[in-house]
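Working notes, beginning with the structure itself.
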Amino acid sequence: MTKSVLSDRLARWYLQLQQFEITYVPQKAIKGQVLADFLADHPMPAEWELFDDLPDEDVHVIEITPPWKMYFNGASHKEGAGAGVVFITSEGEVLPYSFTLTQNCSNNMAEYQALTFGLEMPVDTKQRHLKVYGDSQLVINQLLGLYEVKKPELLPYHNYAKRLMGWLGDVELEYLPRRDNKQADALAKLASILSMTDKKAHIPICKSWIIPPIFSDDEDDTFQEEENHVMEVFEIEEEDWRQPLVDYLKYGKLPSDPRRRTDIRRRATRFIYYKGTLYRRSFEGIFLRYLSDDEKDQAMKEAHSGVCGAHQSGPKLHLRIKRMGYYWPTMVKDCIDYAKRCQACQFYANLIHQPPEPLHPTVTSWSFDAWGLDVVGPMTKSSGGHLYILAATDYFSK
């Protein structure tokens with residue numbers, strides 16, 4: 001721009017800049033005099049120390065950070081199941097975790113649950129190098145490929161653990177005796193706090209259960225999201241059988257169906273609606289409270305096996321509920337079915353020797369319609385000189 005003769009492109013730029021009174025100044029090379037002037041204007045105090053560690057020096061020593069260590073263990077008994085995981089970071093910090101499993105399971109499944117909990121945490125924290133220690137020889141050898149997974153319920157957890165190990169990258173598995181895995185064992189049993197440190201340890205305890213994703217055997221390492229065909233089922237609430245009667249008795253409303261309209265008018269003569277409750281007038285003149293679906297189940301439960309229940313049979317249970325002042329349309333059938341489903345009655349009820357169905361006697365039309373003859377003998381000669389007996393049988397009563 002400072003030349004006397006400019007090219008076409010520079011000339012166009014010069015004309016555009018000239019109308020705005022803009023002067024072009026070319027940038028000069030940066031020299032060391034600028035640094036010297038800066039240091040002269042800002043002198044360093046005498047008490048400051050000079051450091052000779054310059055960033056452009058060659059690095060002769062590289063410190064390798066040790067990998068994280070993970071100890072896991074699972075415990076299962078008749079009262080519940082738990083999983084314990086202990087992490088030891090490269091700086092020696094101890095991170096204990098304890099999980100209460102929401103479902104009862106076997107010991108091997110609890111071990112897989114603890115291992116899966118432990119592997120999911122390094123995946124979230126991007127921790128690629130991990131050493132895993134466990135006292136379950138079966139789980140360790142199955143993941144190492146020495147043992148075969150034969151139980152189908154363990155196969156999804158085994159595949160999920162293998163996939164988590166693939167995502168981590170560098171995972172080392174090693175079997176550890178239980179006596180050397182006391183921390184994770186204590187967490188799994190929820191019996192005590194860590195015994196390896198003297199400091200106060202904060203142990204988070206939560207409830208959880210892992211449902212492993214289902215992967216096919218021939219699936220590659222890249223997770224492929226597939227479209228699942230899901231069918232949603234909506235439960236439609238059934239109409240309460242009391243509502244049409246309540247609408248008619250309280251508001252005078254009738255359904256549009258002529259048959260239902262006639263039926264409700266006929267049945268409404270035996271019902272009354274008093275203070276928000278529907279009652280049915282029985283043949284004895286007693287008003288029985290009309291129950292809903294939920295209320296009838298509670299009434300049968302209390303009358304059959306409640307505090308004053310004696311585990312009566314179905315017909316007796318029906319009469320007992322009616323004496324208590326309750327009614328619903330299908331109470332006879334519901335009481336019989338409820339008594340049949342009672343588990344305590346199946347175990348402790350008296351044995352019924354009556355056949356399950358009535359006998360079917362063979363009835364003939366008239367006497368000697370079905371009969372038979374037989375000859376018995378020879379016998380000792382009687383006084384009349386007879387040696388044989390002629391027997392005739394009538395099947396009229398059999």
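Read the sequence shown against the UniProt record's numbering and you will find it ends at 398, with the numbers running on by one and no gaps.
Ideal Cβ positions, reconstructed from N, Cα and C, are used throughout, including at glycine.
Exposure label - residue i; buried when at least 16 CB within 10 Å
i: Lys296; result: buried
i: Met300; result: buried
i: His360; result: exposed
i: Leu10; result: exposed
i: Ile286; result: exposed
i: Ile389; result: exposed
i: Ala81; result: buried
i: Val375; result: exposed
i: Asp337; result: exposed
i: Pro244; result: buried
i: Glu226; result: Note that Glu226 scores 45 on pLDDT, short of 50, meaning its location in the model is unreliable; the coordinates nonetheless yield the value given after this. Flag for Glu226 reads exposed.
i: Gly84; result: buried
i: Leu171; result: For clarity, residue 171 is Val in the given sequence; the question names Leu instead. When all chains shown are included, Val171 counts as buried.
i: Ala40; result: exposed
i: Phe20; result: exposed
i: Ile321; result: buried
i: Val25; result: exposed
i: Ser383; result: exposed
i: Ser136; result: buried
i: Phe234; result: With a pLDDT of only 46 at Phe234, under 50, the local geometry of the prediction cannot be trusted, and no value is derived from it.
i: Tyr274; result: exposed
i: Leu319; result: exposed
i: Leu130; result: buried
i: Met165; result: buried
i: Val230; result: Unreliable positioning characterises Val230 in this predicted model, as indicated by a pLDDT of 48, which lies under 50. The coordinate reading is nonetheless provided below. With fewer than 16 Cβ atoms within 10 Å of its Cβ, Val230 is classed as exposed.
i: Phe347; result: exposed
i: Thr222; result: Reliability fails at Thr222, whose pLDDT of 47 lies under 50, so the model's placement of it is uncertain and no value is given.
CB of residue i within 9 Å of CB of residue j, strictly
i: Ile140; j: Leu187; result: no
i: Leu168; j: Pro122; result: yes
i: Leu387; j: Gly372; result: no
i: Phe72; j: Phe117; result: yes
i: Val132; j: Leu119; result: yes
i: Arg281; j: Ile272; result: yes
i: Trp68; j: Ser90; result: yes
i: Tyr327; j: Leu288; result: yes
i: Ala339; j: Leu317; result: yes
i: Cys335; j: His311; result: no
i: Thr23; j: Leu15; result: no
Bridge partners - residue i, DSSP secondary structure assignment
i: Asn73; result: Gly84
i: Val376; result: Ile389
i: His129; result: Asp170
i: Ile272; result: Tyr279
i: Asp394; result: Trp371
i: Gly134; result: Phe72, Tyr175
i: Phe287; result: Arg281
i: Tyr326; result: Arg289
Of the residues the options, the one placed nearest residue i, counting alpha carbons only
i: Asn108; options: Trp241, Leu143, Pro358; result: Leu143
i: Thr100; options: Gln243, Pro244, Pro66, Ala75; result: Ala75
i: Gly134; options: Lys182, Gln127, Ser383; result: Lys182
i: Trp241; options: Ser313, Ser256, Arg267; result: Arg267
i: Ala333; options: Pro26, Gly385, Asp185, Gly314; result: At residue 333 the sequence reads Lys, which differs from the Ala that was named. The option with the nearest alpha carbon to Lys333 is Gly314.
i: Leu291; options: Met331, Arg270, His311, Arg259; result: Met331
i: Leu95; options: Ser256, Ala184, Ser382, Pro356; result: Ala184
i: Thr125; options: Gly384, Phe87, Arg261; result: Phe87
i: Asn104; options: Lys78, Gln127, His42; result: Lys78
i: Pro329; options: Asp293, Lys31, Ala391, Gln27; result: Asp293
i: Thr393; options: Val149, Thr380, Ala370, Thr277; result: Ala370
i: Pro66; options: Leu17, Ala36, Gln16, Gly92; result: Gly92
i: Tyr279; options: Val246, His42, Ala46; result: Val246
i: Met70; options: Gly385, Asp180, Val149, Met44; result: Asp180
i: Cys345; options: Asp263, Gly309, Met379; result: Gly309
i: Arg323; options: Phe283, Gln354, Pro43; result: Phe283
i: Gly325; options: Thr277, Phe347, Leu351; result: Thr277
heavy atom of the ligand NAD below 8 Å from residue i C-beta
i: Gln33; result: In the structure shown, the ligand NAD is absent, as is every other ligand, since no ligand is present at all.
Within-9 Å CB hit, residue i to chain C
i: His77; result: No chain C appears in this structure, which consists of one protein chain only.
For the structure I just gave you, are there three or more beta carbon pairs, one from the stretch 100-116 and one from the stretch 150-168, closer than 8 Å? yes
With three or more beta-carbon pairs closer than 8 Å as the criterion, would you say the stretch 298-313 touches the stretch 247-265? no
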